[in-house]
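Participant: Residue numbers (the numbering used here): 1067 to 1156. Attaching a single structure in structure tokens format; questions to follow.
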Amino acid sequence: MHVTGIITAIIIGLIIGALGRLVVPGRQHIPMWLTIVIGVVAALIGTAIAGGLGVADTKGIDWIELVIQVGLAAVGVALAAGMYGRRGVR
């Protein structure tokens, strides 16, 4: 993997993570780095799922793949926010 691939993965992770954060209602008290990590992981898993379903490569924008990625990011953000929030409560 080249440096441009890593930078691209971070940018896509930021966008997918931010969209996932927007989908989850309420305020999430998780750091931005965790949002990026969730976004990158959601993008990778979403691409694999879309490839398995045969909808990864379509003409134009791959809307189904994007919806899968954002949905996975939303689930990841919700889980992380729940676990991160409980960590401070004793």
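Heads up, the beta-carbon is just placed ideally off N, CA and C, and yes, glycines get one too. Model, not experiment: these values are computed from the prediction.
1) Alpha carbon to alpha carbon, what distance is there between ALA1116 and VAL1136?
2) For the alpha helix (DSSP H) that contains VAL1121, what are its first and last residues?
3) So, at 6 Å on beta carbons, what are the nonlocal neighbours of ILE1096 in its own chain, with the 5 sequence-adjacent residues on each side left out?
4) Would you mind giving the Cβ-Cβ distance between GLY1105 and GLY1071, rounded to the nearest angstrom? I have them listed as a contact below 8 Å.
5) On the three-state DSSP scale, how would you describe ILE1081?
Facilitator: On the basis of the data shown:
1) Sequence index remark: in the sequence shown, residue 1136 carries index 70 (1-based). Sequence index remark: in the sequence shown, residue 1116 carries index 50 (1-based). Near 12 Å, if we compare the C-alpha coordinates of ALA1116 and VAL1136.
2) Working through the sequence shown from its first residue, we reach residue 1121 at position 55. Per DSSP, VAL1121 belongs to no alpha helix (DSSP H) and is neither H nor E.
3) To locate residue 1096, count along the sequence shown from 1; it is residue 30. The beta carbon of ILE1096 sits closer than 6 Å to those of ALA1146, ALA1147 and TYR1150, all from its chain and outside the five residues before and after it, given in chain order.
4) Sequence index remark: in the sequence shown, residue 1105 carries index 39 (1-based). Sequence index remark: in the sequence shown, residue 1071 carries index 5 (1-based). In fact, because the Cβ distance is near 16 Å, the residues do not count as touching under 8 Å.
5) Along the sequence shown, one-based indexing puts residue 1081 at 15. The answer is helix: DSSP assigns ILE1081 an H, G or I state.
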